[in-house]
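Colleague:
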């Protein structure tokens, strides 16, 4: 998924884990059970929607249970929702919260909080009461707000110096504001002020005095305490700004320079953007060096990939010809083995690759809830873990209508049209995995890696009823200018 807000990453991960958990076997509605949460801490932007999720483990029907969602403050519980024989919603939460019960049969109950405010942050509890057992779990909701870019004001201090004041408003939690010179050295401010009277949001003000002959470049940076990028504004202070006997001329110069400050700040901003793009293009250049300008697929070997039933999760049905796989809601009764995926509904190809160039085509059509790519033989198959290149899996996915690279950031992919058939291209020796829309031969995404050991075709299908099918070979128009994204 590019840069994204923390709230959107958390919501996607929560929704994604719900889908995976729903594929697990449903246990009896009696007996002991655990209550788990996909994310102990959920971070969301002020004013957005927050999704809190609780799941029974092992999965079981929760429709006959007494379920309570509460907000915990000062060791006191405040009722949000109670569902059982009678459904009750806390008066203070009406119109803002909704109880999502569509997955209750599989033991998942979610609380949707709309238009999140600072008052909504804190701990939330979900309680499950069956006729013979009780258990609960807690989640913490963290609310954040990104404030304004730093604004710089220049005034004379009356002692021959220039006072520069940096203002930034609307932050939560409180960020760090600091000054630096052209060499990146941190400067001590002469005064600092802050207030949180604006609905609990922090407004910051910091000033320092610059004397003639000092470093002419001054930058004010606001660094959020949460994962986000810094906001910075800079100003160039020349000697002509300082007082001279010819006061009217000096005043005119100061006035003109102050007018130029937005231009200077904008120039610094463009420089930062140019520097960031340069880093991106440098990385892309490493990939492009591994691909020549000749047609890609005329020197690649088409692979008639088949699916290995011995690795398939019990909820997956592999066709007789071993060229298609379908996700079912009820797991099959199959013999367990170390080669099988036991938690995630995945299956691998029968053949592996240790060198050379290979490609295969997968028909995805209008299906939802899938991922495909390649994985190391040594990658995890048992228990709960995260799929990523660092863990030995290089793949793309379609989840909740959004195409993403399967990595730690779940980076969103910007596609001009929805691909119905995808080509997976593996260049083992050069360490490249590419994905193409076969109808247009447009590149979808690419990874670089240093491969070792056996590499297998990888397929993950979690939406019930979704099918993926391996296509037979057919000639296709080749592209000579491969764009790596």
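Numbering (mature numbering (1 follows the signal peptide of the UniProt record, and there is no 0)), first residue to last: -28 to -1, 1 to 457.
Even glycine gets a Cβ: it sits at the ideal position worked out from N, Cα and C.
If distances are taken between C-alpha atoms only, which option among 34, 82, 44 comes closest to residue 9?
Modeller: Nearest of 34, 82, 44 to residue 9, Cα basis: 82.
Colleague: Measure the Cβ-Cβ separation of residue 183 and residue 132 and say whether it is below 8 Å.
Modeller: Yes, these two residues count as a Cβ contact at 8 Å.
Colleague: Would you tell me roughly how many angstroms separate the C-alpha atoms of residue 70 and residue 55, rounded to the nearest one?
Modeller: The alpha-carbon atoms of residue 70 and residue 55 are separated by roughly 12 Å.
Colleague: Drop a sphere of 10 angstroms on the beta-carbon of residue 87, count the other beta-carbons inside from all chains shown, and report buried for 16 or more, exposed for fewer.
Modeller: With fewer than 16 other Cβ atoms within 10 Å, it is exposed.
Colleague: Mind checking whether the beta-carbon of residue 208 lies closer than 7 Å to any heavy atom of the ligand ZN?
Modeller: This structure simply doesn't include the ligand ZN, nor any ligand for that matter.
Colleague: Using the C-alpha atoms, what's the distance from residue 358 back to residue 66?
Modeller: Rounded to the nearest angstrom, the two C-alpha atoms are 36 Å apart.
Colleague: Going by the CB atoms, is the gap between residue 194 and residue 203 shorter than 8 Å?
Modeller: The answer is yes: Cβ separation under 8 Å.
Colleague: Answer with buried or exposed for residue 166, where buried requires no fewer than 16 other C-beta atoms within 10 angstroms of its C-beta.
Modeller: When all chains shown are included, residue 166 counts as exposed.
Colleague: Would you say the stretch 394 to 411 touches the stretch 297 to 311, given that touching needs at least three Cβ pairs under 8 Å?
Modeller: They do not touch, by the three-pair rule.
Colleague: Taking the alpha-carbon positions, what's the residue 146 to residue 173 distance?
Modeller: Cα to Cα, the separation comes out at about 8 Å.
Colleague: For residue 48, list the residues DSSP reports as bridge partners.
Modeller: Residue 48 pairs with 45.
Colleague: What does DSSP give as the partner residue(s) for residue 402 in the beta ladder?
Modeller: Beta-bridge pairing links residue 402 to no other residue.
Colleague: Grouping DSSP H, G and I as helix and E and B as strand, with all else coil, what is residue 59?
Modeller: Three-state result, residue 59: coil.
Colleague: Give the list of continuous alpha helix (DSSP H) stretches no shorter than 4 residues that lie fully inside the stretch 118 to 184.
Modeller: None, since the stretch 118 to 184 contains no complete alpha helix (DSSP H) of that length.
Colleague: Using only alpha-carbon positions, find the residue among 415, 422, 134, 126 that is nearest to residue 391.
Modeller: Per the Cα distances, 415.
Colleague: May I ask you to list the residues that DSSP assigns as paired with residue 395?
Modeller: DSSP output for residue 395 lists 333, 408 as bridge partner(s).
Colleague: For residue 7, which residues from the same chain have a beta carbon less than 7 Å from its beta carbon, with the 5 sequence-adjacent residues on both sides left out?
Modeller: Counting only Cβ-Cβ distances below 7 Å, and skipping sequence neighbours, we find 26, 28, 98, 100, 107, 108, 109.
Colleague: Roughly how many angstroms lie between the CA atoms of residue 201 and residue 164, to the nearest whole one?
Modeller: Each residue's alpha carbon lies about 22 Å from the other.
Colleague: With H, G and I counted as helix, E and B as strand and the rest as coil, what does DSSP make of residue 34?
Modeller: DSSP places residue 34 in coil when its eight states are reduced to three.
Colleague: With 16 other CB atoms within 10 Å as the buried threshold, where does residue 381 fall?
Modeller: Exposed, by the Cβ-count rule.
Colleague: With H, G and I counted as helix, E and B as strand and the rest as coil, what does DSSP make of residue 53?
Modeller: Of the three classes helix, strand and coil, the one that applies to residue 53 here is strand, per DSSP.
Colleague: Identify every residue that forms a DSSP beta bridge with residue 193.
Modeller: 150, 204, per the DSSP bridge assignment.
Colleague: Are three or more beta carbon pairs between the stretch 300 to 311 and the stretch 325 to 333 nearer than 8 Å?
Modeller: The stretch 300 to 311 vs the stretch 325 to 333: no contact.
Colleague: To the nearest angstrom, how far is it from the Cα of residue 376 to the Cα of residue 368?
Modeller: Distance between the alpha carbons of residue 376 and residue 368 is about 6 Å.
Colleague: Could you give the residue range of the beta strand (DSSP E) that holds residue 106?
Modeller: 106 to 116 is the span of the beta strand (DSSP E), which, as asked, contains residue 106.
Colleague: Would residue 59 be called buried (16 or more neighbouring beta carbons within 10 Å of its own) or exposed?
Modeller: Looking at its Cβ environment, which holds fewer than 16 other Cβ atoms inside 10 Å, residue 59 is exposed.
Colleague: If we count the other Cβ atoms within 10 Å of its Cβ and call it buried at 16 or more, is residue 227 buried or exposed?
Modeller: Its Cβ having fewer than 16 others within 10 Å, residue 227 is exposed.
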